[in-house]
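Trainee: Here it is: the structure, laid out below.
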Amino acid sequence: MNICLNDKIFETLSSVVTSENVQAYVIGGWVRDCLLKRDHPEKDIDIVVIGSGIDIAKKAARKIHHGTKVSVFKNFGTAMFKNREYEIEFVGARKESYDRNSRKPVVENGTLEDDQKRRDFTINTLAISLNRETFGEFLDPFGGLDDLKKKIIRTPLEPDKTFSDDPLRMMRAIRFATQLNFTIEEETFNSIKENAGRIMIVSAERIVAELNKIIMSSNPSKGFILLEKTGLLKIIFPELDNLKGVETKDGRAHKDNFHHSIKVLDNISRNTDNLWLRWAALLHDIAKPATKKYLPDSGWSFHGHEFVGSKMVPDIFRKLKLPLNEKMKYVQKIVDLHLRPIALSQDLVTDSALRRLLFEAGNDIDDLMILCEADITSNNEAKKTKHLENFRIVRNKLREIEEKDALRNFQPPIDGSEIIMTFGIQPGKMVGIIKNAIRDAILDGIIPNEPNAARNLMIEKGIELGLTAVDQTT
Ligand code: ATP
Ligand code: MG
């Protein structure tokens, strides 16, 4: 019995295709991940039918649970339905031929082998029979089982054909190599290099979906190194490619910021599954090339790179078709603040600086600290320990201040309307000046974060500005 067909659902599918007298196979990701014993979060099963995938989908849905809704994509000849556990997609076996300028193929009916040929990699062509007489047998004309064992990504056809037909497959090759920790076979790899320019015909949405999967893998640097080596990075993400390289002057070299950035991404991946914090890690030094200067006295400087970097984020997100909403603002904020905890780990730091960081970072302070720790990429163990110890101290100090002053979600202890009432003034500039004075006094530790202290300061400040408190008892 084939362990990949252990589930009862395959029994049911088998009885449907047998009674309909058509050949059908489980193919692609399900088979691959089962053989790799890989836990796949989405349980999607792909079925290829020699005949009409849509017909079989409808019949199978009826058998599994009467009334299951089947979504039919007539243009693609596919249909799918979901139940509580699975998402099952059916496709009629097909033969594809492509036009050079698009990813849209001309499609005709084909044999199982035709269908396997049009798939991207040998490890994704593996099919298992669902038919009664051959139930559980592998159909593996392209050596997928062998490549799975050897951990190799290889195209079933001549790679130039596979990649030029659908250039998205180049991104998928690198994504699978990264997720599965596989090697891209040499001829396949060289072909990606040759065809990298063809990525231009793929939509940004499809590209970034693969990029996000690389970023969410456990060792994302592997993917970025492959993207760089194949020349894809330069095309899809030039700002990151631009971080490459080391310059030396007067015997002083700066670090390679590309390798540093992807190392930070690897580090942070051990501590967070938040895609956007991972993006912030990847982008934290993105403005180093733009701010790089050599100062004869002190050496290489990247002054302001955190600020300039945060300003580069919207453009990068727009081009990559990433969301331009609060996720982007979060990335900007983390990039902008990424040096602040380092400054705070220096000896003579005032509580006021700590309060200001808490105020600015708000609830993202913990994420910011995770990035700062991931940012330590020194190979010098003693240095590393020292930095980590410093950040531990910063974390403790932040905790103490937070307990005392609750600044994470700073709400002014008195609001504008109280200022207006107190002095009997109109809304306007004066109100802002007094509000800011109160906030600054709290952040600087001159007064505690409490209404009474704030009220006293308000009166004092108002008088300074020539206002008089009106008697509110009459
Ligand atoms: P995952 O679900 O982890 O992305 P998968 O292999 O299931 O992996 P899908 O995108 O769900 O990938 O596609 C299912 C199957 O369809 C693949 O295994 C592969 O056989 C085929 N396939 C998907 N996209 C392409 C493509 N662009 N070119 C050729 N074959 C593809
Ligand atoms: Mg899948």
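Here the sequence shown stands for residues -17 to 456, where the numbers follow my numbering. C-beta atoms are modelled at their ideal positions from N, C-alpha and C, and glycine is treated no differently. Note that the structure is a prediction, hence the values are computed from the model and not measured.
1. Of the residues R377, C354, R437 and L(-5), which one's Cα is nearest the Cα of F117?
2. Does ligand 1 have even one heavy atom less than 6 Å from the beta-carbon of R20?
3. Quick check: is any heavy atom of ligand 2 less than 6 Å from the C-beta of D26?
4. Ligand 1 and R465: does the residue's C-beta get closer than 6 Å to at least one heavy atom of that ligand?
5. For L112, which of helix, strand or coil comes out of DSSP?
6. With a threshold of 6 Å on Cβ separation, who are the neighbours of K275 within its own chain once the five nearest residues in sequence on each side are excluded?
7. State buried or exposed for E192, treating a residue as buried only when at least 16 other CB atoms are found within 10 Å of its CB.
8. Return yes when the C-beta of G126 is under 6 Å from any heavy atom of ligand 2, and no when it is not.
9. Taking just the CA atoms, how far does L449 sit from N345?
10. If you draw a straight line from the alpha carbon of A235 to that of E229, how long is it in whole angstroms?
11. So, helix, strand or coil for V413, using DSSP?
12. Give me the DSSP bridge partner(s) of I134.
13. Apply the 10 Å Cβ neighbour rule to P395 and answer buried if 16 or more other Cβ atoms are within range, or exposed otherwise.
14. Does DSSP put E382 in a helix, in a strand, or in coil?
15. Cβ of D148 versus every heavy atom of ligand 1: is any distance shorter than 6 Å?
16. Between which two residues does the alpha helix (DSSP H) harbouring L336 extend?
17. How about E169 and P149: do their beta carbons lie closer than 7 Å?
18. Would you call the segment 349 to 364 and the segment 250 to 263 in contact, with 3 or more CB pairs under 8 Å?
19. Residue range of the alpha helix (DSSP H) that F219 falls in?
20. Any heavy atom of ligand 2 inside 6 Å of the beta-carbon of L11?
21. Answer yes or no: the CB of N372 versus the heavy atoms of ligand 1, is any distance below 6 Å?
22. What is the DSSP secondary structure of A269, reduced to helix, strand or coil?
23. Is the Cβ-Cβ distance between F(-8) and A39 less than 7 Å?
24. According to DSSP, which residues form a beta bridge with T0?
25. Quick check: the segment 361 to 380 against the segment 313 to 332, are at least 3 beta-carbon pairs closer than 8 Å?
26. In terms of alpha-carbon separation, which member of A272, F158, I352 and K303 lies closest to P323?
27. Which two residues bound the contiguous beta strand (DSSP E) that contains K77?
28. From K237, L214, V376 and R85, pick the residue whose C-alpha is nearest to that of M153; which is it?
29. Does ligand 1 have a heavy atom nearer than 6 Å to the CB of N177?
30. Please say whether V452 and G398 have beta carbons closer to each other than 7 Å?
31. Would T165 and P138 be called neighbours here (beta carbons separated by less than 7 Å)?
32. For I416, which residues from the same chain have a beta carbon less than 8 Å from its beta carbon, with the 5 sequence-adjacent residues on both sides left out?
33. Can you list, in chain order, the residues of its chain whose CB lies under 6 Å from that of T404, leaving out five sequence neighbours each side?
34. Should M62 be labelled buried (16 or more other beta-carbon atoms within 10 Å of its own) or exposed?
35. Quick one: what's G281 bridged to in DSSP?
36. Which stretch, first to last residue, makes up the alpha helix (DSSP H) that contains P149?
Mentor: Result, derived from the coordinates:
1. L(-5)
2. no
3. yes
4. This structure gives no information on residue 465, because the portion of the chain shown stretches from -17 to 456.
5. It is coil, neither helix nor strand.
6. S283
7. Counting Cβ neighbours within 10 Å, E192 comes out buried, since at least 16 surround it.
8. no
9. 37 Å
10. 6 Å
11. In this structure, V413 counts as helix in the three-state DSSP scheme.
12. Residue pairing by DSSP places I134 opposite T165 in a beta bridge.
13. Taking a 10 Å sphere around the C-beta of P395, we find 16 or more other C-beta atoms and assign the residue as buried.
14. helix
15. yes
16. D333 to A343
17. no
18. yes
19. It is not in any alpha helix (DSSP H) - F219 carries neither H nor E in the DSSP assignment.
20. It is Gly, not Leu, that sits at residue 11 in the sequence shown. Yes, ligand 2 has a heavy atom inside 6 Å of this Cβ.
21. no
22. Reduced to three states, the DSSP call for A269 is coil.
23. Contact flag unset, no.
24. Per DSSP, none; premise fails for T0.
25. yes
26. I352
27. R76 to Y80
28. L214
29. no
30. No, the pair does not count as a contact, with Cβ atoms beyond the cut-off.
31. No. Outside cutoff.
32. I401, M440, K443, G444 and L447
33. A451
34. buried
35. L277
36. P149 -> no alpha helix (DSSP H), and no H or E assigned at all.
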